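Sequential numbering of the sequence shown, starting at 0, is according to numbering that gives the first Met the number 0.
In this text, a Cβ means the ideal position worked out from N, Cα and C, and glycines have one as well.
Being a predicted model, the structure only gives us computed values, none of them experimental.
Single-structure report; data block below.
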Amino acid sequence: MKDFTFGKAGPAALPPTDSVVVSTTWYSSCFGARKGNKPAPGSMGILHCATFRNFPCLPNLISSTIQLTDHMQLDKLLVFDSYISLLPPLAPHNTSLHISFGRIEEAETSLSGRNPQIPEQQPAGPHFFPDARNNDFRNAQITNVAGNMNIIKSDSELSPDTKKITADMIASATPAVPIVFKGREELVEQGVAILCQQAPRFLAILGAGGMGKTSLALHIMDSDSVQNKFGERCYFMPCELFEDAESLVQGLIYVMELTMQENQSKQKVLFNHLQSAHGDLLIVFDNFETPWNHGNSRIGVKNLLEKIAKYGKVSLIVTMRGPDGPGDIPWERLGDQSGIPTLSPVSAKEAFKAFAGNKLQSSDDSEAQIESLLYQLEYVPLAIRLSAQHVKRVPLKTLIRMWEKDKTSILVEQTEPGRLTSVSFSIDLSIQIFRIKGRTLELLSTLSFLPDGIPLWVETLEQMFPGEGLSVNVSTLLESSLIYDQNEGLKMLIPVQEHIHSKYPIGQVDVDQLEMFYAQFLKNLPGNDIEAQLELQPHINNIDKIFKTQIRSGHSKTSYMCAVNILDRSWRFVPVSMGLIDLILEKNENVGKGDEIDLKLRKARILRWLQRLQDAEAQVMSAKDCINEEGNISQSEADILGRCFDILQGIYYSQTQYEKAINMSLQAQKYFKQSENQWAQANSMRWLGDIYFMQDRYQEASEMISEAQQLFQQIGNELGVAECLKRVGDIYRMQGRNDEAIEIMSDAQKQFQTFGNQLEAAECLWSLGELHRMQEKYDEATEMIMKAQKNFEEIGHKKGVAQSLLILGYIYENQAQYEEAVDMFLNAQMQFQNIGQIVDVAWCYQCLGMTCRLQGRYEKAKEAFTEALKLLKGFPGEKYSIGCTLLEFGHLFFDVKDFVEARRKYEEARDVFTSHGQLGRQVDRCSRALAKLDEATKQ
C-alpha cells in the first residue's frame, strides 16, 4: 500500500493496481469540510458526495469502491471514519463509482456533542441526498454512473456478508469475569440461589448504565453452583451486536456451535436443539436493551425470547437498562425497584483502591479525599473504575481537582469511547437507544438542574414542568434508567446529572417556571413550624439552587425577601437563609435601604446562633451605623435600634459577659417600647430573665420572667407564654423543686410541639431528662436526653448536642459506669471547644476530675481540676462554676488525706459562693464539707 498526499487538484498519477489511503487533510480541503475546522486524523469532518463528480482525479480512478465508517459525516446524516480506502479497480474501462455503507446512524442522535434541536448550517455545493435527515442508508449500496446515482436499500438485495456477525466478533465482545469485584457478594448469592432451583428460572439484572450489570451476570455464571448445574451449557450473548430477532438467532447458533444445513430455518435449528437438550441450559442476554429498543424489532424479539423461555430446560439471565424485564416472562429481579443499587461507601473505597493499585499512597488525608470523591460519584461502579485509573498517572489531589473542574469528562479511558470506557458515552447511548428528544429531553435537563430531583412528582410535576403527555415522558426516562423513582420522587445519579446538565443545560423559561412554583410553594407552607419543615426538607436544595441562580443572573421573577422571611422560620435551614442573604447583599444593586438593614440584622442573628460572635457584632454595628441615634428618631428607626441592641445582648450573653448583656437588654426594651413593638419588648424582658437565671439570681429571674409572661398574654402570644413557662420550670429545677419543675416543663414541651417549635421542645426534653436524673430515674432520663440530642442534631444546634452529651456523662457517672462517663465528658468537651464555649469546656474538665477521683486516679483528677480553674480565671463572674470546681478539688485532697489543702479549697469555695449572694445552698455544702473535715482531723 502506498500513501499519497492529495492537493486540491488530486494526485498527479494513480497506479491502477495500488490501494490508496486518503489523508484527513486531503478530504478536509477537497470534500467540503467547514472552513477553519480542519480535522486531525480520527476527528469529524463533512463529506459531500457530489464533490466526486467534479473532482479532477476521478477519471483516473476508473472504478473503485469507497468504504466509509465511523467518524465522517455525509450531508448532515452519516457518521464515518477518518480515512478512505480506494481499492484496486476491477474493470479498467468502467467509469462507475460504488459506495458501500455499513451501519449508518441518524444525525439526530447527536452523540458527537452537537445539540440535535439546533439546525446546522447547510454546506455549500451540490448534494446527492437533499433530504438527508429522513433517509435511512443503513446497509445501502450507492452507485454513481456518469453523474446519475442509484441507491439500493433493500436488505434482501444485499450480499449475505454485508450484515454477517461472526463467531469471532461475538467472542471478542464477550468480557472476561472481572478480577476487581467488590460489594456484590450478596447479589451474587441471590442470583445463584435463584438459578440453582429445580425449575427453569428467569433472572433480570436491571438498572442504569455503569452499575455493573454485566460484571454481576458474569460472576453469577462463573459461580461453582451454576457451573455444576449447567456445565458447558452456559451461553453468553453480547446483545449490543444484535438488532433484531434474526440476528439474535444467528448469534445463538454461533455460541451454541450448531450446524446449519442448506435451506434450513435458523429458528427451527435453534428450537430443535433446545427441545432435545440433555441437560439444563443457561443463556445470558447481556445489554438486551439494544435489540429490545431497536427500530420496530421489539415484537419479533419479544416473540423469540418468550418462545425460548418455554423450553423446560432453559434458564435465562437478562441484563438491560430500565426498571423492568422484557416481555411477559416471570422475571426474578435483583436489587430494588430501580434495579441493582450503587455500591456501599466501604465497598466503593475497596474497589477504588483495587483499581488504583500500588500507585495510591495511603494517609489520613488520602482516605478523606477518596471518601469525598466517591460520595460525589455517588458510588457508581463504572465511575469508580474510570476515576481510579487516573491515580496510576496523576496524584490523588490532582484527580480531585480534575473532577471538580471537568466532572464526567474525566471518567473515560484513553481509548475509543464505549459503554465500558466512558461514563458520558454510556449516558448518551441510553439517550440514543430510548430515543429521548424534544420535551422528554427538556424534562431530563430540568431534572439534572434540580439537586433534589422532583419530590412527590405525581403531585408536583405538572406545576413545576407544565406540558402535555408528562406521564409518557416520565415513563420513557424511567425505562432508560437515567432517572429513578425513590420515595415518590424522581431522582438522578450524580454522574448522570453532571453530564446531562453540561451537555443539555436547562432553558431559562424552565428555570423561571421553577422559581414561580417554589415562590408559591413557600407561601403555601403551613403555619406549624414542624409541619412546614417536613414539607420543606425534600425541596430545600432545589430552592437554594433556583433562587441563587436567579439572583446571580438577574432573572428573578419573584420577591427574594419573601423567600428569606419564610426560610428564616426554621433554624434547620440556616445555611440556605445565610447563603441567600449573602448573595442578595453582594449581587442585588436594587435592594432598598430598609431591606438591606433587615438582611444585615437577620445575618447577625444567624451568626450569633452559629457562635460566630465577632462577625455577628460587626454585622450589627454595620446596620446600627445606618441610624442616627441623636435627636428624634422615627418609630421604624427605633425598632431597628431595638433589634440591634437585642442581638448584642445575645452576643454578650453567649460570652458570659452578663453585665454588658443586661445593659444591652435594657436598651433594647427602651427602643422596642418607643416603636410600640410589644412582642419584641416582652421577648427582650424574657432574655433578661434568662441572664439573671444564668447568674443564679433566681428571685430576679422569676420576677422578670413573670413580667414578660404577662405582656405576652396581653398581646395573645401563646408561644411567648410557653417560653416563659419553660424558664420557670428551669428555675424550679435549680431550686430543687423537682416535682413542680417536671409538671411545668411537661406542659411547656407539649405546647412547643403544638406550635412546631422544635428547638424549644428539645430544650424542654433536655430539662426533663436532667430532672429525672436528679430523681435517679436513669432509664427515663436517658430516653429524654437522647431524644433531645437527636432533635438538636436535626436542627444543627451544636450547643444543645454538647449539653446532651454532658448529661449522659452524668447519668453514667451516677451509675458508676466511669469509662462511659469519661467518653461522654470528653466528647462534650470537644463539642464545646469547637463552638468557643470556654466556660462549658472548663465545666467538662471539672466533670472529668470528679470521675477520675471516683476511679481513684488522683493525679489525672488533679490535672483536670487545675485546668478547669485555669480557664475560669478569665471569667470571674462565673462564681457557681468556680465554687463547684474548688469544692470538688477539696474532696480530692480529702480522699488522699491532705487535710490542709482540702480545708483551703473548701474555704475558697465557700467564700466564692458567699460573694455571689444567692448561692446559699452551695454555701451550706461547703459548711458540711468543713464539718466533716473537722471530724476527720480529730481522729
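**CA-to-CA distance, Ile810 to Arg772, given in whole angstroms** = Counted from its first residue, the sequence shown places residue 772 at position 773. Counted from its first residue, the sequence shown places residue 810 at position 811. Arg772 and Ile810: Cα-Cα distance of roughly 7 Å.
**Item:** As assigned by DSSP and simplified to three states, the class of Val510
**Value:** Residue 510 sits at position 511 when you count from the first residue of the sequence shown. In the structure shown, Val510 sits in a helix (DSSP, three-state: H, G or I).
**Prompt:** Is the Cβ-Cβ distance between Leu247 and Leu315 less than 9 Å?
**Reply:** In the sequence shown, the residue the question calls residue 247 occupies position 248. In the sequence shown, the residue the question calls residue 315 occupies position 316. Contact check for Leu247 against Leu315 fails: the beta carbons are separated by 9 Å or more.
**Prompt:** For Ser569, which of helix, strand or coil comes out of DSSP?
**Reply:** The residue you call residue 569 lines up with position 570 of the sequence shown. Correct three-state label for Ser569: coil.
**Asked** Who does Met319 pair with in a DSSP beta bridge?
**Response** In the sequence shown, the residue the question calls residue 319 occupies position 320. According to DSSP, which records beta bridges pairwise, Met319 is partnered with Leu205.
**Request:** Flag this pair as touching only if the segment 444-459 and the segment 471-491 have three or more C-beta atom pairs under 8 Å; answer yes or no.
**Result:** The segment 444-459 makes contact with the segment 471-491: 3 or more CB pairs, one atom from each, lie closer than 8 Å.
**Prompt:** Exposed or buried, which one is Ile806 when buried takes at least 16 other CB atoms within 10 Å?
**Reply:** One-based indexing of the sequence shown puts residue 806 at position 807. Around the beta-carbon of Ile806, 16 or more other beta-carbon atoms lie within 10 Å, marking it buried.
**Asked** Thinking C-alpha only, which one of Pro174, Gly294, Pro329 and Ser880 is nearest Ala198?
**Response** Indexing the sequence shown from 1 puts residue 198 at position 199. Among Pro174, Gly294, Pro329 and Ser880, the Cα nearest to that of Ala198 is on Pro329.
**Request:** Could I get the ranges of all uninterrupted alpha helix (DSSP H) runs contained in the segment 325-356, with 4 residues as the minimum, in chain order?
**Result:** Those alpha helix (DSSP H) runs which fall completely within the segment 325-356 and span 4+ residues are 344-355.
**Asked** Buried or exposed: which applies to Ile714, given that a residue is buried once 16 or more other Cβ atoms fall within 10 Å of its Cβ?
**Response** In the sequence shown, the residue the question calls residue 714 occupies position 715. Result: exposed.
**Request:** Output the distance between the C-alpha atoms of Ala603 and Gln677, rounded to the nearest integer angstrom.
**Result:** As a first step, residue 603 is located in the sequence shown; it is residue number 604 there, counting from the start. As a first step, residue 677 is located in the sequence shown; it is residue number 678 there, counting from the start. Approximately 22 Å, taken between the alpha carbons.
**Sheet register partners of Tyr948 (DSSP bridge)** = In this structure the chain extends from 0 to 938, so residue 948 is not present and cannot be described.
**Message:** Using the three-state DSSP reduction, which class does Ile542 fall into: helix, strand or coil?
**Reply:** Translated into positions along the sequence shown, residue 542 becomes position 543. Here Ile542 sits in helix by DSSP.
**Message:** Between which two residues does the beta strand (DSSP E) holding Gly799 run?
**Reply:** Working through the sequence shown from its first residue, we reach residue 799 at position 800. DSSP places Gly799 in no beta strand (DSSP E) but in the uninterrupted alpha helix (DSSP H) bounded by Lys797 to Asn813.
**Asked** Where does Ile632 sit, in a helix, a strand or coil, going by DSSP?
**Response** Within the sequence shown, numbered from 1, the residue matching residue 632 stands at position 633. In this structure, Ile632 counts as coil in the three-state DSSP scheme.
**Request:** Return the chain-ordered list of same chain residues with a C-beta closer than 6 Å to the C-beta of Tyr253, the five sequence neighbours on each side being excluded.
**Result:** Looking up residue 253 in the sequence shown gives position 254. Contacts found: Ala166 and Ile169.
**Message:** Applying the 10 Å Cβ sphere with the 16-neighbour rule, what's the burial state of Thr936?
**Reply:** Numbered from 1 along the sequence shown, position 937 holds the residue referred to as residue 936. That one is exposed.
**Message:** Here's the rule: buried if 16 or more other CB atoms are within 10 angstroms of the residue's CB, otherwise exposed. What is Asn295?
**Reply:** Here the question's residue 295 lines up with position 296 in the sequence shown. Of the other Cβ atoms in all chains shown, fewer than 16 fall within 10 Å of the Cβ of Asn295; this residue is therefore exposed.
**Item:** Boundaries of the alpha helix (DSSP H) in which Gly768 is found, first to last residue
**Value:** On the sequence shown, residue 768 is found 769 positions in, with the first residue counted as 1. Taken as a continuous stretch (DSSP letters only), the alpha helix (DSSP H) holding Gly768 covers Gln757 to Met773.
**Prompt:** Start and end of the beta strand (DSSP E) containing Met236?
**Reply:** Taking the first residue of the sequence shown as 1, we reach residue 236 at position 237. Where Met236 is concerned, the enclosing beta strand (DSSP E) starts and stops at Cys233 to Pro237.
**Message:** Quick check on the burial criterion: 16 or more other C-beta atoms within 10 angstroms. Buried or exposed for Cys561?
**Reply:** Locating residue 561 in the sequence shown gives position 562, where the first residue counts as 1. Of the other Cβ atoms in all chains shown, fewer than 16 fall within 10 Å of the Cβ of Cys561; this residue is therefore exposed.
**Request:** Determine the contact status of Lys312 and Gly334, defining contact as a CB-CB distance below 9 Å.
**Result:** Counting from 1 along the sequence shown, the entry for residue 312 is found at position 313. Counting from 1 along the sequence shown, the entry for residue 334 is found at position 335. No, the pair does not count as a contact, with Cβ atoms beyond the cut-off.
**Message:** Which residue marks the beginning of the beta strand (DSSP E) containing Leu489, and which one marks its end?
**Reply:** Counting from one through the sequence shown, the residue named residue 489 turns up at place 490. That run of the beta strand (DSSP E) goes Gly488 to Lys490.
**Request:** Give the secondary structure of Asp285 by DSSP, where H, G and I count as helix, E and B as strand, and everything else as coil.
**Result:** What you label residue 285 is simply residue 286 of the sequence shown in a count that begins at 1. In this structure, Asp285 counts as strand in the three-state DSSP scheme.
**Request:** Locate the alpha helix (DSSP H) running through Gln713, then write down its first and last residues.
**Result:** Numbered from 1 along the sequence shown, position 714 holds the residue referred to as residue 713. Looking at the DSSP string, the run of the alpha helix (DSSP H) that includes Gln713 is Tyr697 to Gln713.
**Prompt:** Is the Cβ-Cβ distance between Glu288 and Met255 less than 9 Å?
**Reply:** For the purposes of this step, residue 288 is taken as the residue at position 289 of the sequence shown. For the purposes of this step, residue 255 is taken as the residue at position 256 of the sequence shown. Inclusion of Glu288 and Met255 in the CB contact set at 9 Å is not warranted, their separation being larger than that value.
**Prompt:** Is it the case that the Cβ atoms of Met684 and Ser664 are separated by a distance below 9 Å?
**Reply:** Here residue 684 is taken as the residue at index 685 of the sequence shown, counted from 1. Here residue 664 is taken as the residue at index 665 of the sequence shown, counted from 1. Against a cut-off of 9 Å, the Cβ pair of Ser664 and Met684 comes out as a contact.
**Request:** On a CA-only basis, which of Trp608, Ala780, Glu305 and Gly208 is nearest Ile339? Give me that one, please.
**Result:** Position 340 of the sequence shown, counting from 1, holds the residue named residue 339. Among Trp608, Ala780, Glu305 and Gly208, the Cα nearest to that of Ile339 belongs to Gly208.
**Message:** According to DSSP, is Asp484 part of a helix, a strand, or is it coil?
**Reply:** If you number the sequence shown from 1, residue 484 lands on position 485. Assignment of Asp484 by DSSP, reduced to helix, strand and coil, places it in the strand class.
**Item:** Residue span of the alpha helix (DSSP H) that contains Pro494, given as start and end
**Value:** Start at 1 with the first residue of the sequence shown, and residue 494 comes out as number 495. Per DSSP, the unbroken alpha helix (DSSP H) holding Pro494 starts and ends at Ile493 to Lys502.
**Item:** Nearest candidate by alpha-carbon position, reference Lys872, set Leu770, Val838, Trp291 and Ala908
**Value:** Translated into positions along the sequence shown, residue 872 becomes position 873. Ranking Leu770, Val838, Trp291 and Ala908 by Cα distance to Lys872 puts Val838 first.
**Asked** Buried or exposed: where does Ile432 fall if 16 or more other Cβ atoms within 10 Å of its Cβ makes it buried?
**Response** As a first step, residue 432 must be located in the sequence shown, where it is residue number 433. Its Cβ being crowded by 16 or more others within 10 Å, Ile432 is buried.
**Request:** Drop a sphere of 10 angstroms on the beta-carbon of Ile784, count the other beta-carbons inside from all chains shown, and report buried for 16 or more, exposed for fewer.
**Result:** To locate residue 784, count along the sequence shown from 1; it is residue 785. Under this definition Ile784 is a buried residue.
**Request:** Output the residue ranges of the alpha helix (DSSP H) runs that lie fully inside the segment 871-935 and measure 4 residues or longer, sorted by chain position.
**Result:** Runs of the alpha helix (DSSP H) spanning 4 or more residues and lying entirely within the segment 871-935 occur at 878-894 and 898-915, in chain order.
**Request:** Starting from Arg400, trace the alpha helix (DSSP H) both ways and give me its first and last residue.
**Result:** The count along the sequence shown starts at 1 and reaches residue 400 at position 401. DSSP places Arg400 inside the alpha helix (DSSP H), whose first and last residues are Leu395 to Asp405.
**Request:** Mind the definition here: the segment 377-390 touches the segment 338-352 only if three or more C-beta pairs lie below 8 Å; say whether that holds.
**Result:** Of all C-beta pairs linking the segment 377-390 to the segment 338-352, three or more are shorter than 8 Å, placing the two stretches in contact.
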